[in-house]
Amino acid sequence: MQQLYDTLTQRFSLGEFTRQRADLAFITVEAVRLHALLRHLRDQEGFTHLVLLTAVDWLEDGQFQLTYLINNRAKCQDLGLRVMIARDNASMESIHDLWAAAATYQRELREMFGIDFPGSPRLMDDFILEGWNAAPPYRRDFDTLEYSRATYRERPGRETRDPAAHMKQQLYGDKGDV
Amino acid sequence: MFELDRSQYPQKKADGTLDIDLTSGKYLKLWQGPQHPGITGNMAIELTVCGDEVVDATTHVGYLHRGFEKLMERRTFMQCFPIVCRICVPEPDFNEYCYAAAVEELAGLEIPELAHWIRTLILEMGRVNSYLMYLGGQAGAFGQGVIGQWTTYVRDLMLDRFEELTGARIYHMFIIPGGVRDNLPDGFAGRMEETLREIESVLADVDRVMFHNAVFKKRAVGVGVIDTAWLDSYGITGPNARAAGVAKDVRKDQPYLVYPELEFEAVTGKDSDIYTRADVRRRDLLLSLDLIRQILSRLPKTGAVMTKLPNVLHWKIPRGETYVRGECSRGEYGYYLVTDGSGYPRRVNVRGPSYTHSIALFERMVINANISDVAALLVSLHTYPPEIER
Chain A
1 MQQLYDTLTQ
11 RFSLGEFTRQ
21 RADLAFITVE
31 AVRLHALLRH
41 LRDQEGFTHL
51 VLLTAVDWLE
61 DGQFQLTYLI
71 NNRAKCQDLG
81 LRVMIARDNA
91 SMESIHDLWA
101 AAATYQRELR
111 EMFGIDFPGS
121 PRLMDDFILE
131 GWNAAPPYRR
141 DFDTLEYSRA
151 TYRERPGRET
161 RDPAAHMKQQ
171 LYGDKGDV
Chain B
1 MFELDRSQYP
11 QKKADGTLDI
21 DLTSGKYLKL
31 WQGPQHPGIT
41 GNMAIELTVC
51 GDEVVDATTH
61 VGYLHRGFEK
71 LMERRTFMQC
81 FPIVCRICVP
91 EPDFNEYCYA
101 AAVEELAGLE
111 IPELAHWIRT
121 LILEMGRVNS
131 YLMYLGGQAG
141 AFGQGVIGQW
151 TTYVRDLMLD
161 RFEELTGARI
171 YHMFIIPGGV
181 RDNLPDGFAG
191 RMEETLREIE
201 SVLADVDRVM
211 FHNAVFKKRA
221 VGVGVIDTAW
231 LDSYGITGPN
241 ARAAGVAKDV
251 RKDQPYLVYP
261 ELEFEAVTGK
271 DSDIYTRADV
281 RRRDLLLSLD
291 LIRQILSRLP
301 KTGAVMTKLP
311 NVLHWKIPRG
321 ETYVRGECSR
331 GEYGYYLVTD
341 GSGYPRRVNV
351 RGPSYTHSIA
361 LFERMVINAN
371 ISDVAALLVS
381 LHTYPPEIER
């Protein structure tokens, strides 16, 4: 994978390289260079399979990390491309022209994280959350517990325990922290 | 095999969308699902038909969304493991394996060898269950209800083996970060051998009654062809790809657990239609029975099944990210896990093969299909909605 990174750096300006395993590495890429890099990797380097496209919310940094994971079956290699974009008015170039299946991932990311992919087919169609009007629920600042409390009523007679405190009590009793 | 695009109508508008005027009386909207015998689980297909030919289709999901990925961000690494199996009901064990393997990799844990063997055994047992359920569904889509009764019977025997091994029939919660919960019970191999023979006996009947049935052949051969050119574009993996002649099988391509030590070849077909996909799965099921025998004959007799874990209540995993995959009965199953140094996952993303198969691929394949073939076509892709919605 290091060899691939060295080859790519001759053509593209790349960021941090992380070798996770012999067959898996991650590279940080600027958003503007992603599409051309993906096309190159797909057409020239044999990374023809888009494994997944997802987002990680780094709320404290004000950024989303988009991860494009692609696979080269012939060489048994996986490459994750990390793209950091601003959380405010998050928008990213669509890659549905490279992989038709990417349109589904982008629809989900629009719905769950509020990330826009201009030009992506059926982007604004409801995917999972039909009729959802609240904030995108997979963002870190969307509090599922608070949403549930505000939306649903408590069932009478139900006891609620903090899972961590309850397990500690079950395992260690009154001995305290171990 | 029919031509890829037989459609003469509807015409496309300038913006590329279909010119469908429902008031013209020429087209009809038809909903298949979410409650319908011709649907795979809780999802729905919105069909636009002209006569009995499908001209447009949209897959609707969301009936099962429970927000697993978000729920896991509020749970410790060990609290996540009883949740993940619920992401795929008929074959839950891949969730347990992929999650456990991802956590172990980022936490730097080494797993005992015996646990690797038992994990492989569990995954193959789950594959058998999933394929048996599929065979019943595929035959049922063509009106052969008896096949489902036979396969449900032998699947129940395999559930007995799961129950004695894990204590549970559906959600096993047996593959845990650090290893597996227990060793095999005494006499397990003998009872498993009886189960395998019963399954083989029923599969021989299935072969005669289903695969040599004139109606099944007439309706499944040449229908629902997946072009090999679509494989990468639509993220097609597993038997759907292997039936098209491409030997995509993670067990061989990027071997994990003890698969490098087992003797087998990826099962492939060449015609890529409904019949071939069913046949590939039937032969893959026979392969799984063989792999279970290989595992039970070569499994280490003694050894630990769990590695020592840190205090799971205070277990923090250093910042990192990884992706772990396995070959489930429907294709590539994977977990993308991101950690931030805290005691909770920063992000978990589940890659289920149904995600691409039942949306982008199905919406493309079903165009020009006959209404009566829609159910069979969808079942032939072997999709499970929970892994789409997570």
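Protein chains in written order, with full-length UniProt numbering: chain A, 1 to 178; chain B, 1 to 390. Here a beta-carbon is modelled for each residue, glycine too, at the ideal position from N, C-alpha and C.
- Task: Give a yes or no on whether the minimum CB-CB distance between residue 393 of chain B and chain A is below 8 Å.
- Result: Nothing can be reported for residue 393 of chain B: it is not among the residues displayed for chain B, which extend from 1 to 390.
- If we cut at 8 Å on Cβ distances, does residue 3 of chain A have a partner in chain B? The sequence position of residue 3 of chain A within the first sequence is 3, counting from 1. Output row for residue 3 of chain A: interface = no.
- Whether residue 241 of chain B touches residue 252 of chain B by CB criterion (8 Å): Here the question's residue 241 of chain B lines up with position 241 in the second sequence. Here the question's residue 252 of chain B lines up with position 252 in the second sequence. Going by C-beta atoms, residue 241 of chain B is not nearer than 8 Å to residue 252 of chain B.
- Query: Under a CB-based cut-off of 8 Å, is residue 136 of chain A close to chain B?
  - Reply: In the first sequence, residue 136 of chain A corresponds to position 136, counting from 1. For residue 136 of chain A, the answer is no, since every Cβ of chain B falls outside 8 Å of its Cβ.
- Message: Using a Cβ-Cβ distance cut-off of 8 Å, determine whether residue 123 of chain A contacts chain B.
- Response: The residue you call residue 123 of chain A lines up with position 123 of the first sequence. Chain B, which has no Cβ nearer than 8 Å to the Cβ of residue 123 of chain A, makes this no.
- Item | Nearest candidate by alpha-carbon position, reference residue 314 of chain B, set A:168, A:127 and A:54 | In the second sequence, counting from the first residue as 1, residue 314 of chain B sits at position 314. For residue 314 of chain B, the nearest C-alpha among the options comes from A:168.
- Query: According to DSSP, is residue 320 of chain B helix, strand or coil?
  - Reply: Position 320 of the second sequence, counted from the first residue, corresponds to residue 320 of chain B. Strand, per DSSP.
- Message: To test your reading of the DSSP string, which unbroken beta strand (DSSP E) runs of 3 or more residues are found completely within the stretch 255–330 of chain B?
- Response: 320–328
- Task: Kindly say whether residue 321 of chain B, judged by its beta-carbon, lies nearer than 8 Å to any beta-carbon of chain A.
- Result: Here residue 321 of chain B corresponds to residue number 321 of the second sequence, with the count starting at 1. By this cut-off, residue 321 of chain B is an interface position.
- Check whether residue 125 of chain B and residue 72 of chain B have beta carbons under 8 Å apart: Within the second sequence, the letter at position 125 stands for residue 125 of chain B. Within the second sequence, the letter at position 72 stands for residue 72 of chain B. Going by C-beta atoms, residue 125 of chain B is not nearer than 8 Å to residue 72 of chain B.
- Message: Considering just the uninterrupted stretch of the beta strand (DSSP E) at residue 190 of chain B, what are its terminal residues?
- Response: By 1-based counting over the second sequence, the position of residue 190 of chain B is 190. Counting along the chain, residue 190 of chain B falls outside any beta strand (DSSP E), though it belongs to the alpha helix (DSSP H) covering 188–206.
- alpha helix (DSSP H) segment containing residue 147 of chain B, residue limits: As a working note, residue 147 of chain B is residue 147 in the second sequence. Run containing residue 147 of chain B: 145–166, per the alpha helix (DSSP H) assignment.
- Mind pulling the chain A residues with CB within less than 8 Å of residue 57 of chain B? Numbered from 1 along the second sequence, position 57 holds the residue referred to as residue 57 of chain B. Ordered by position in chain A, no residue passes the 8 Å Cβ test against residue 57 of chain B, which lies about 12 Å from the chain.
- With distances taken Cα to Cα, identify the nearest neighbour of residue 387 of chain B among B:347, B:14 and B:40. Here residue 387 of chain B refers to the residue found at position 387 when the second sequence is read from its first residue. Of B:347, B:14 and B:40, the residue nearest in Cα terms is B:40.
- Quick one: measure Cβ to Cβ for residue 43 of chain B and residue 358 of chain B, integer angstroms, because I've assumed they're closer than 8 Å. Within the second sequence, the letter at position 43 stands for residue 43 of chain B. Within the second sequence, the letter at position 358 stands for residue 358 of chain B. Right, their Cβ atoms sit about 7 Å apart.
- Item | alpha helix (DSSP H) segment containing residue 168 of chain A, residue limits | For the purposes of this step, residue 168 of chain A is taken as the residue at position 168 of the first sequence. Its alpha helix (DSSP H) spans residues 163–172.
- Task: Name the two residues that bound the continuous beta strand (DSSP E) containing residue 57 of chain A.
- Result: Counted from its first residue, the first sequence places residue 57 of chain A at position 57. Run containing residue 57 of chain A: 49–58, per the beta strand (DSSP E) assignment.
- Ignore the nearest five residues each way along the sequence and tell me which others in residue 234 of chain B's own chain have a CB closer than 6 Å to its CB. Along the second sequence, read from residue 1 onward, the residue named residue 234 of chain B stands at position 234. The answer, listed in chain order, is 356, 360 and 361.
- Query: Between which two residues does the beta strand (DSSP E) harbouring residue 159 of chain A extend?
  - Reply: Locating residue 159 of chain A in the first sequence gives position 159, counting from the first residue. Taken as a continuous stretch (DSSP letters only), residue 159 of chain A belongs to no beta strand (DSSP E), as it is neither H nor E.
- Could you pull out every unbroken beta strand (DSSP E) segment of at least 3 residues lying fully inside the stretch 58–126 of chain A, listed in chain order? 63–72 and 77–86
- Query: Taking the C-alpha atoms as reference points, what is the distance between residue 302 of chain B and residue 260 of chain B?
  - Reply: The count along the second sequence starts at 1 and reaches residue 302 of chain B at position 302. The count along the second sequence starts at 1 and reaches residue 260 of chain B at position 260. Answer to the nearest angstrom: the Cα atoms are 21 Å apart.
- Task: In the DSSP assignment, find the unbroken beta strand (DSSP E) run with residue 8 of chain A in it and report its ends.
- Result: By one-based count along the first sequence, residue 8 of chain A stands at place 8. Here residue 8 of chain A belongs to no beta strand (DSSP E); instead the alpha helix (DSSP H) covers 2–9.
- Message: According to DSSP, is residue 234 of chain B part of a helix, a strand, or is it coil?
- Response: Along the second sequence, one-based indexing puts residue 234 of chain B at 234. DSSP places residue 234 of chain B in coil when its eight states are reduced to three.
- Hey, is residue 76 of chain B's beta-carbon within less than 8 Å of any beta-carbon in chain A? Position 76 of the second sequence, counted from the start, is the residue given in the question as residue 76 of chain B. Closer than 8 Å to some Cβ of chain A, the Cβ of residue 76 of chain B qualifies, so yes.
- Between residue 333 of chain B and residue 68 of chain B, which are expected to be in contact by the criterion C-beta below 8 Å, what is the C-beta distance as a whole number of angstroms? Stepping through the second sequence from its first residue, residue 333 of chain B is reached at position 333. Stepping through the second sequence from its first residue, residue 68 of chain B is reached at position 68. In fact, because the Cβ distance is near 14 Å, the residues do not count as touching under 8 Å.
- Message: Report the CB separation of residue 87 of chain B from residue 56 of chain B in whole angstroms; it is logged as a contact under 8 Å.
- Response: Working through the second sequence from its first residue, we reach residue 87 of chain B at position 87. Working through the second sequence from its first residue, we reach residue 56 of chain B at position 56. With a Cβ gap of about 30 Å, residue 87 of chain B and residue 56 of chain B do not count as contacting.
- State the Cα-Cα distance for the pair residue 69 of chain A and residue 127 of chain B, rounded to the nearest angstrom. Reading the first sequence from its first residue, position 69 is the one you call residue 69 of chain A. Reading the second sequence from its first residue, position 127 is the one you call residue 127 of chain B. The alpha-carbon atoms of residue 69 of chain A and residue 127 of chain B are separated by roughly 26 Å.
- Where residue 32 of chain B sits in the DSSP three-state scheme: In the second sequence, residue 32 of chain B corresponds to position 32, counting from 1. It is a strand residue.
- Can you tell me where the alpha helix (DSSP H) with residue 53 of chain B in it begins and where it stops? On the second sequence, position 53 is the one that residue 53 of chain B refers to. No alpha helix (DSSP H) contains residue 53 of chain B, which is instead part of the beta strand (DSSP E) from 53–60.
- Message: Is it buried or exposed, residue 31 of chain B, if we count other Cβ atoms within 10 angstroms and call 16 or more buried?
- Response: Numbered from 1 along the second sequence, position 31 holds the residue referred to as residue 31 of chain B. Residue 31 of chain B should be labelled exposed.
- Message: On the DSSP letters alone, give me the boundaries of the beta strand (DSSP E) that residue 18 of chain A sits inside.
- Response: The residue labelled residue 18 of chain A in the question sits at position 18 within the first sequence. Its beta strand (DSSP E) spans residues 14–21.
- Option in A:55, A:12, A:13 and A:24 with minimal Cα separation from residue 2 of chain A: Taking the first sequence and counting its residues from 1, the one referred to as residue 2 of chain A is at position 2. Nearest option by C-alpha distance: A:24.
- What separation, rounded to the nearest whole angstrom, lies between the Cα atoms of residue 270 of chain B and residue 144 of chain A? Taking the second sequence and counting its residues from 1, one reaches residue 270 of chain B at position 270. Taking the first sequence and counting its residues from 1, one reaches residue 144 of chain A at position 144. Between residue 270 of chain B and residue 144 of chain A, the C-alpha separation is close to 48 Å.
- Message: Measuring straight from C-alpha to C-alpha, what distance separates residue 46 of chain B and residue 188 of chain B?
- Response: In the second sequence, residue 46 of chain B corresponds to position 46, counting from 1. In the second sequence, residue 188 of chain B corresponds to position 188, counting from 1. Going by the C-alpha atoms only, they are around 47 Å apart.
- Identity of the residues DSSP links to residue 12 of chain B by a beta bridge: On the second sequence, residue 12 of chain B is found 12 positions in, with the first residue counted as 1. Looking at the DSSP assignment, residue 12 of chain B forms a beta bridge with B:18.
- Hey, is residue 128 of chain A's beta-carbon within less than 8 Å of any beta-carbon in chain B? Along the first sequence, one-based indexing puts residue 128 of chain A at 128. Closer than 8 Å to some Cβ of chain B, the Cβ of residue 128 of chain A qualifies, so yes.
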